[in-house]
Every structure is written in C-alpha cells, then in structure tokens.
Amino acid sequence: MKKTLYICISLLVIVGCKKVVTKVAPTVSTVPSSYTITATTATIGGSITDDGGDPITARGVVYGLSPNPTIADGKTSDGTGIGTYTSIVSGLSPGKTYYFRTYATNSTGTSYGDQLTLTTQAVLSTITTTAASAITSTTATSGGNITADGGSAITARGVCWGTAANPTTSNSKTTDGTGIGSFTSAITGLSPNTVYYVRAYATNSIGTAYGTQITITTLATTPTLVTNSMTNVTATTATSGGNISLDGGASITSRGVCWSLSSGPTIALTTKTSDGTGTGNFTSNITGLSANTTYYIRAYATNSAGTSYGAELSFKTAVGVPVLTTTAASLITSGTITTGGNITADGGGAITARGVCWSTGTGPTIALTTKTSDGTGTGSFTSNITGLATNTLYYIRAYATNSAGTSYGNEITANTLSQDIKNIVPDNILIIISNLGMPMFAGKTPPQISNFYKLSPNALFNSNVPNDYAKGSTFYPLNFHFYNQNNTLLTINLDYVEIGSGGGSGSGKEAFLSGSGNNFSAFLKVNYTASGQTCDMITIYSGTITSTGIKDLYYALFMVDDHGDPGNLWIANGTGRVFYDQDGMGSIIQSLSSQNFGINLGTMATPASTTIIGK
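Residue 610 is where the sequence shown ends in my numbering, and the numbering goes up by one at each step.
#1: Which one or two residues does DSSP pair with N298 in a beta bridge?
#2: Buried or exposed: which applies to A362, given that a residue is buried once 16 or more other Cβ atoms fall within 10 Å of its Cβ?
#3: Which residues bound the alpha helix (DSSP H) around L425?
#4: From G251 to V154, what does the alpha carbon distance come to, in whole angstroms?
#5: Between the alpha carbons of G497 and T539, how many angstroms are there, rounded?
#6: Classify Y98: buried if its beta carbon has 16 or more other beta carbons within 10 angstroms, exposed otherwise.
#7: How long is the line joining the alpha carbons of S375 and T529, rounded to whole angstroms?
#8: Mind listing, in chain order, the continuous alpha helix (DSSP H) runs of no fewer than 4 residues lying wholly within the stretch 15 to 57?
#9: For I130, does the three-state DSSP call read helix, strand or coil?
#10: So which of L412, N337, G382 has the shortest CA-CA distance to T396?
#11: When you compare the CB positions of T328 and D463, do they come within less than 9 Å of one another, or not?
#12: Where does the unbroken beta strand (DSSP E) through K91 begin, and where does it stop?
#13: Note the first and the last residue of the continuous alpha helix (DSSP H) segment covering Q414.
#14: Using a Cβ-Cβ cut-off of 6 Å (strictly less than) and excluding sequence neighbours within five positions of A551, which residues of its own chain qualify?
#15: Please state whether the Cβ-Cβ distance between Y295 and T248 is less than 9 Å.
#16: How would you label T17, buried or exposed, when you count the other beta carbons within 10 angstroms and need 16 or more for buried?
#17: If we ignore side chains and look at the alpha-carbon of each, how far apart do T321 and V460 end up?
#18: Locate the beta strand (DSSP E) running through Y471, then write down its first and last residues.
#19: Kindly indicate which residue of N513, K466, V23 has the alpha-carbon position closest to the one of T79.
#20: So which of A230, T131, T33 has the shortest CA-CA distance to P187?
#21: What separation, rounded to the nearest whole angstrom, lies between the Cα atoms of G358 and P472?
#22: Out of T377, T331, D341, which one is the CA nearest neighbour of F350?
#23: Measure the Cβ-Cβ separation of T203 and I182 and say whether it is below 9 Å.
#24: Return the residue from the list R293, T266, T278 that minimises the CA-CA distance to S285.
#25: Within the stretch 131 to 212, note down every full beta strand (DSSP E) run reaching 3 residues or more, in order along the chain.
#26: DSSP three-state label for S345, please.
#27: Just mark L256 as buried or exposed, buried being the case when its beta carbon has 16 or more other beta carbons within 10 Å.
#28: Using the three-state DSSP reduction, which class does I584 fall into: helix, strand or coil?
#29: Tell me N446's beta-bridge partners as DSSP assigns them.
#30: By DSSP, does M225 sit in helix, in strand, or in coil?
#31: State the DSSP-derived secondary structure class of E406, mapped to helix, strand or coil.
#32: From G382 to T288, what distance separates their C-alpha atoms?
#33: Roughly how many angstroms lie between the CA atoms of A323 and N488, to the nearest whole one?
#34: Could you name the residues of the same chain whose beta carbon sits closer than 6 Å to that of A20, not counting the 5 residues immediately before and after it, in chain order?
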C-alpha cells in the first residue's frame, strides 16, 4: 500500500508544501487451492497484489524440509512484476513433507506468502541384485542393495528365483529383513545342474520393486539311490539291484551293484555288474560267488559328477555242492582200475565223504552203484577199484559229499583187460609194470596194427632193476612184425628181431590185444633164449597207430622166471625195464631184415654183448 504524507513546513517566511512517497516491501500471497503434488514435483500458485512502491525484481516459491523456508533455501524464479503466477518445483524426494511459501522481492526487500505444508507421493524403492557366489548343486548366495526406499519404509526384502525369466515374489524367495542398504540372501532347495533366474526385491507401501535379473547354473551332483534287498541267494549267485531316485542333474551313464568280502565295496576296487543307464529301478544278477561266504554289497550309479552308492547290505551265500573232476584211469588190469578225483572247491562245507562210483551203465551214483570211500577233505585222491569183471567196460565218476549234498566229477570209461591177458600177466605184475610208467590201453576195439615196425632209438624210460642204466640210455634197436590180427578173439601174431651179438629173435608168437580208437596194447609171454640159456618173460607193446607208424611207442620187458639163471645172464625175477622210441615215432619198415635197423653199432650206449634183458 502506498502512503502519501503531506508535510507543511513553517519558516519565518512560508515558502510552500511538498508531497513525499515512502517505499516498502511487496505484498505477496500463496494461493492455497492452487497447487499439485507428485513424488518429485509440486506446482504452487502465487499472487503479488502490491509492489510496495518499487518494481518486483524476483518472484517464485521457496521450499524446504523445515518450516518457514526462505530464499536462502530452495527456490524457483518465476519472472518479475505484480500479478498472479505459477511456480513448478522439481527435484523433490518422494514421500517427504515439504514447506512452501511464495515470495516477491523489490529494492526494499523480500516478502513471503502464507506457508503450505505438502507431502510428496511415495514410489517404489530403488534396488540392485548382487552377483551370485558360492554356487553348489542345491544352493547359492546372492542378495541386493536398496539405495532408495521410494519415500516409504521397506517392509520386506530378499531375492526371488525360478526357472523362467523375471521371477517375482510369487515364486521361491528369501526374506532378509527390512530397511535400505545391502543384504545377503542364502538361496536353498535348488535342483542340480539347472539354470535359475534371480532378482532382488524390496517392498514398501507402494509395492515391490525388483533389481536387475541375473542367472546361475547349479552344479551337477552324484545320484541319489538305494540298494535293493537280496533275493535268490544260492551258493554262487544272488540277485539285488538298486533304485535311482535322482540323477543329480546329469545323465546316469552306468549303474549296477558292486561287492566284496570286506565292507565298503567300490567300483574301482571290487567286482561289479553293469546294468544299463538312467534313473529308476534296476535288477542285478550276481554270479561267481563262493559258497558259504559273507559278502558286502552296494548299488552304484555314475554321472558326470561322479559315482554314488546306496546303503551297504551284507549277505551270506548258501553251502554248495563240491566241485571236482574225475582222474583218468591209469592202472588197468584184468580186475582192477586205478582212478580217483580232484576236489577243487568244497562248496563252503566240509567234505565228509569222497571216492569214485562205477557201473556198467552210464551215470553211476553212490546210491545206485558200487563205490569206494577215500577219506575226506579237498584236493586230489586216489581210488583203487577192485573185483571187476575181465574185459568189461565200466563207467566211472568221482564223487564228493558235504552238507549240501553230493556232486560228481566228469564221467570216464575204462575197460578191464581180458581174461586171456590176465592168464599170461598176473595183476601183481601188471601193477609193477604200470608203476614203471608203461601205458596200457584197455578195451575191446583195438585198431588194425598189422605191419612191420622199427623201435629206434631204443631208450630206457624206467626200470626197477637194481643199479640199472641211467634213464635215457640207448639200446639196440628192435624190429617187429604184427600180423594175423583177429578182433573177435582179440589176438595177433608177432615176429621180432633184436640186432647185436647178444640180440635175439622170435616168430609166430601169439599176443593178446586190447585198446580202442587208435590206441592199442599187445601182451605176450615169451620164452627167450640167449647164449644157450632160456628165461620166461612178459612183453608188452603200446602206442597210437598213425599213417606213418606207431606214435609214442613203448615196449616193456618183465622177468617172470629166470630158470635159476645159471650163467648169471638175466635180470632178476620180478624186475623189468620199460623202453620207448626216443624220437616219438616207431616208423614203418619193409621187413625184419638187418638193413632196416639203419644204425651205426659203434654209437650204442651199451656193449654189443648186452641184451635188453641182460644184467
């Protein structure tokens, strides 16, 4: 408001009167109904009704967080002059209470309008997501940093995640307190080898804000599985398996069970089965076990992260029947066969009986046929079968008995020698000759052996003659001729010639045959004469017929009766020698003539005067 002051001055001489004008601060008001408010701005209306006698040089709005703001606080500049104006305030903080006043300035000073108190609107908070760390197959660590609460208190914060992009708090989440600032979130319950999307979140009264999205990939882990119970347990086999409920996030490349005699079997150290791939239930057939033995077993499954095992189980195999073989028949006489067996495994139970059983039909058993009893325990044993019929085919099996039952070795066959052979060679002599290593083939189907043969080099295989020549010593060759073979009567004739000054010969001698296949033996009793003195001896030829001669030819001489040996020429009664063709083949020759011997007598190991039955 302008005020006019009229002053009259009286002097001694009245000169006159003058008008004086006084300047004051402007008059400004804030229009209460003329404003708008947002989270960061405000629009305020003002009106200058009196410039105080001086032009308005500045006008606008002042504002601050404390009452009665001045132009020293925040302000706008909205032109000059009187009248109404509108001022826009920006840069405000959300959710804050501000004080506003209009202002006007002239040369006299600044005036302020009425004060308005206004609160900006709150907004969502400002948040970032912390990079993930400590990632495992099922866990990870992340978090966030809330740099602004949006003008409203943070009532919840944490991280949320899922297997699809842009997870929200409706997905899995952590809850990590309230307020602004940094926080750490422990993420759990993840699946192995899986990509997850993660965002930090913060909630205030306006809503929930999310940080930038990050991704994490959990590590694969070893599978999760159980070991199936044991079934079908026998002495050497069992059935188990496993059930793989989780693959650990990677494909199952192998699975099965492993077992050992000690706890903690692994696929690296113990025996295992291989039962395919993939998750789910599987069956394992376990073989090659030992009877009556405790084993430890675990199912296993392998993926790219490694191998894991189910719970360990133990089981004990049943007692099984023994495992054995039947020994080939060796000492075969007219009424005796020597054989036996070899028990390689007792089946987990003590061997309480063992021996051989035999019959004239196939498949002998201890319940139905004759048997021997040859002790207990595992290992090799010898069985002497006696009282057999002559010239008879027998079927023989070794047997062994434990608590699980009786098992049998492989079946063999053996022929006893004919009565004719028994008549010329008593069993006690056959036993001695057999013990010297002379092979003798029994049987009623010998091969055709009629031909001329040469035994050379004629070497000593074995002897029971006291202080005899060394094994391998060579003697004069022997040429012999088999003819007139009769496989019905099992007879054959023999002529023979021994070269050397002390040699001998015989012709038309009848021998008795035995054998089968390509194997034969010929037995004969010979009255031998040398230097005018005679003796009775047993002669045996054995071997395998081939197209070129007799393979593995053996020849035995055994003194039966030296007739008192007045000239002290012969080996003693009850002694003898076994000879063999040292090059392995008694070759076929054309005749018994001396040229067929084909040797240099000067190379013989024994004197020319010594015969093969001489001392």
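Think of the CB as a built atom: it goes at the ideal place given N, C-alpha and C, for glycine as much as any other residue.
For this structure:
#1: G301
#2: exposed
#3: 422 to 430
#4: 41 Å
#5: Legend: pLDDT at G497 = 47, less than 50; position of this residue unreliable, no value from coordinates given.
#6: buried
#7: 45 Å
#8: none
#9: coil
#10: N337
#11: no
#12: Segment: none, K91 is in no beta strand (DSSP E) and carries neither H nor E.
#13: 414 to 419
#14: I428, M433, I535, V573
#15: no
#16: exposed
#17: 33 Å
#18: That residue, Y471, is in no beta strand (DSSP E); it is neither H nor E in DSSP.
#19: V23
#20: T131
#21: 46 Å
#22: Strictly speaking, residue 350 in this sequence is Gly, with Phe absent from that position. Nearest of T377, T331, D341 to G350, Cα basis: T377.
#23: no
#24: T266
#25: 135 to 143, 151 to 157, 176 to 182, 190 to 198, 203 to 205, 209 to 212
#26: Residue identity check: residue 345 is Ala in the sequence provided, not Ser. In the structure shown, A345 sits in coil (DSSP, three-state: anything other than H, G, I, E or B).
#27: exposed
#28: coil
#29: F477
#30: coil
#31: coil
#32: 42 Å
#33: 30 Å
#34: G47, T103, G104, S106
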